[in-house]
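Just below is one structure, and these are the notes that go with it.
Protein chains in written order, with our numbering: chain A, 359 to 812; chain B, 10 to 181.
Here you go:
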C-alpha cells in the first residue's frame, strides 16, 4: 500500500512536470519595440500604398527611401519618415525586437497546423516553416490584457480572405500590446481579413485589399505594401525623439591609470539609462547605467570598440559607437596637429601636413575613421595629406599616429571642406570691355583737348 | 599740305595712346615679366582680396591665386588682376599732353585706384559666389565691368581736366 502511494506520488510529480512542459508559459521577457513603437508601417526598401488606407502612427522606410501612395492614403497621429534618422533608429530597434522574439524559447510547436480553429493561451508558439490562418484564431488572455503571445514563424505567414482573430478574456480590450508575430520571410494578410498584433517580418509585409491590422506592419529588409487598409497600432504610440549620446569620442587610456569619463544623452525625456549595446569596454572599466560614468582602471592594452545606448523612460533609444585605445604602461600621450585643416576646392591641388608629438619618432600615420575627400591621400610616413579633390562636401575623419614603440595617438573630428565650384575669376575687363574703355579713353582725351583748345 | 595745327596734337595723342598700349601689352606678354611680375602680383591681389573679405567673413584663405572657403573658390587669373585696365588708363595718361610730373601723379593715382577697386570687385564677387551664386555671373560680367569702365573714364577725365597742358591762348 505504501509502495502504491509512493508510485502515485511519483506519477503525480511526473504529470505536473509533463504538464508544465506542455502548457505554454508566459514567463518570458517582455518585447520592446523601442522607437519602432511609433511606427504603424515601417519598411526596409519601400512603403507603397494604393487606395484610401488609414494609418495611425508613423510611416517610414530605411534604408530605402521610397514612400508612395500618401495621399490617397492618410497618415494620422504621425508622419512619414523616408530614410531619415528616425526611420533608421526604428529599423535598428526593430532588429533588436525581432531578434528578441526569435531568441525566445518555444513553448508549443504548431508546425503544420492551421491557426484557424485553434484557441491558444499566452505563450511562445513556433512554426518551423510557414504558418496559415484560415477562419478564426482565438487567443485567450485569461483575464490579463497584458499577457504575451509570441508567434515565431520560420518562413511565411499567410492569412486567408475574411479570416480573423478573436480575443477572449482580455478585459474588453481589442488591442493587445504584447502580441508579436516574428516572420522569417514575408507576411500576407488576405482580402478583407482582420488581424491583430505586431508583425515583425524579415522581408516584406503585404496587406491585400481591405485587410485591417490592429497592430504594426514592420518589415526589416523588404517592402510594406498596402491597399485600402486600416493599420492602427495597439497601445500608446510614442513618437520617439532623436536621442544623441555625447561626447562624440572618448579619450584613450593607459593601463593601470584611473579612467573617468561620463557619457550623456540629449534629445529625449530623462532620466536616461545607459548600456553597452554592442562590443565591450576595456577590461577594468565599467559603465554606470544610471549616471553614464565610465570608470575604472584599464587592465590590459588594446583597442576596444563598443556602443553606448541611452534609453529614455519611454523606451526610446539613441546610440553612439566609441573606440578607446588603452596604451601599455609607459606609452606617452601622443598628440596630433593641426586640429583644423584649411578648405580645398575641386581640382585645386591640396597639401597639408599632419604632425605628431609626444612619442618616439618616426611616426606612422593612418586614417583611423571616416574618409578623406576623394582624390586626397595620406602619406603614412610624412603625414602629408595631398592630392586634387574630386568631390565637394565636408569630409570628417580621424587620423592616428603610431610612434616607433607602437604607442598610438589620435585626433578625431578633423575635417576638410571642399568647395564645389572652382570658378575662374573672370577678367576685370573682357574683350568688349577693353575695347569700349579704349575707345572711351581716346574720345575722352580728345574731348578734353578740344575743350581746352589743345 | 600740312595738317591743320589744332588737329595735330589730337592725332599725336591718339597715336601715342595706341603705341603706348601696344608697348605695354608687349611687355606684359613677355614670359619673364609674366612669371616674375604678373603672377606674383596676381597672388598678392588674391591675398589682399581674401584679407579684405575676412573683415566681414571668416574662413576665407588663399592658395596661390585661388581664393577659397569651404563653400566657394575663385581662381584669380591673369586678366582678373586689374593690370589690363590699369595699362589702358596708364597709356591714355602717358599719351595725353601734360607735364611729366602731372603724368607721374596721374599714373600713381590711376593705378592705385584701379587696383583698389579691383580688390573690392574680387571680394564682392567671391562673397556673391558664396551666398548668391545665381547673380554671380551678372555682377561679374555686367555690373563690375561697367563700374571699372566708369571709374577709369572718370579718373582720366578728372585728371586730364586738371593737369592738361593748356595753350597760352587759353589764358588770354
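Ideal Cβ positions, reconstructed from N, Cα and C, are used throughout, including at glycine. Source: prediction; values computed, not measured.
For chain A, the residues of the segment 22-50 of chain B that bring a beta carbon within less than 9 Å of one of its beta carbons are 22, 23, 26, 27 and 30, in chain order. Beta-bridge analysis with DSSP links residue 619 of chain A to A/652.
The beta carbon of residue 170 of chain B sits closer than 8 Å to some beta carbon of chain A. Cβ neighbours of residue 744 of chain A within its own chain (closer than 8 Å, five residues either side excluded): 707, 708, 709, 710, 734, 735 and 737. The three-state secondary structure of residue 692 of chain A, taken from DSSP, is coil.
Contact of residue 115 of chain B with chain A by beta-carbon distance below 9 Å is absent, the smallest such distance being about 12 Å. For residue 89 of chain B, the nearest beta carbon of chain A is closer than 8 Å to its own beta carbon. Taking the Cα of residue 152 of chain B as reference, the smallest distance to any Cα among B/133, B/118, B/165 and B/163 is reached at B/133. Residue-level contact by beta carbon fails for residue 67 of chain B and chain A, as no gap is shorter than 8 Å. In the three-state DSSP reduction, residue 766 of chain A falls in the strand class (E or B).
Every alpha helix (DSSP H) stretch that sits fully inside the segment 38-97 of chain B and reaches 4 residues is listed by chain position as 48-63. Listed along chain A, the residues sitting closer than 7 Å to residue 72 of chain B by beta-carbon distance are 706. Looking only at A/764, A/560 and A/472, the smallest Cα-Cα distance to residue 660 of chain A is reached by A/764. In the three-state reduction of the DSSP assignment, residue 681 of chain A falls in the strand class, which pools E and B.
Residue 585 of chain A: member of the beta strand (DSSP E) spanning 582-585, first to last residue. From the listed residues A/518, A/511 and A/630, the smallest Cα separation to residue 493 of chain A is found for A/518. Just measuring C-alpha positions, the residue of A/617, A/397, A/449 and A/462 sitting nearest residue 683 of chain A is A/617. Interface residue (Cβ-Cβ distance to chain B less than 8 Å): residue 731 of chain A is not classified as such. Along the segment 150-165 of chain B, the positions whose C-beta sits under 9 Å from a C-beta of chain A are 150, 153, 154, 155, 157, 158, 161, 162 and 165, read in chain order.
Of the other Cβ atoms in all chains shown, 16 or more fall within 10 Å of the Cβ of residue 71 of chain B; this residue is therefore buried.
The residues 468, 495 and 496, in chain order, have a CB closer than 8 Å to that of residue 476 of chain A in the same chain once the five nearest residues on each side in sequence are set aside. Distance from the CA atom of residue 805 of chain A to the CA atom of residue 172 of chain B, rounded to whole angstroms, is 14 Å.
In this structure residue 725 of chain A does not touch residue 769 of chain A by the C-beta definition: roughly 11 Å separates them, more than the 8 Å allowed.
Closest by C-alpha distance to residue 664 of chain A, out of A/621, A/462 and A/434, is A/621.
Cα atoms of residue 748 of chain A and residue 728 of chain A: separation of roughly 17 Å, rounded to the nearest angstrom.
Distances from the alpha-carbon of residue 96 of chain B to those of B/147, B/32, B/75 and B/143 put B/32 closest. A check of alpha carbon separations from residue 637 of chain A across A/619, A/666, A/626 and A/609 identifies A/666 as the nearest. Residue environment analysis places residue 66 of chain B among the exposed positions, since fewer than 16 neighbouring C-beta atoms fall within 10 angstroms of its C-beta. Using a 10 angstroms sphere on the CB of residue 85 of chain B, the tally of other CB atoms reaches 16 or more, which defines it as buried.
Contact annotation for residue 173 of chain B against chain A: 806, 807, 810 and 812 [CB-CB distance below 8 Å, chain order].
Looking only at A/527, A/394 and A/584, the smallest Cα-Cα distance to residue 505 of chain A is reached by A/527. The C-beta separation of residue 534 of chain A from residue 509 of chain A comes to about 12 Å, leaving the pair out of contact by the 8 Å criterion. Annotation: the segment 440-519 of chain A contains the following complete segments of the alpha helix (DSSP H) (minimum length 4 residues), in chain order: 443-461. Excluding five sequence positions before and after residue 148 of chain B, the CB atoms of its chain that fall closer than 8 Å to its own CB belong to 133, 134 and 137, given in chain order. Here the C-alpha atom of residue 652 of chain A lies approximately 26 Å from the C-alpha atom of residue 717 of chain A. Proximity of chain A to residue 130 of chain B at the Cβ level (cut-off 8 Å) is accounted for by 786, in chain order.
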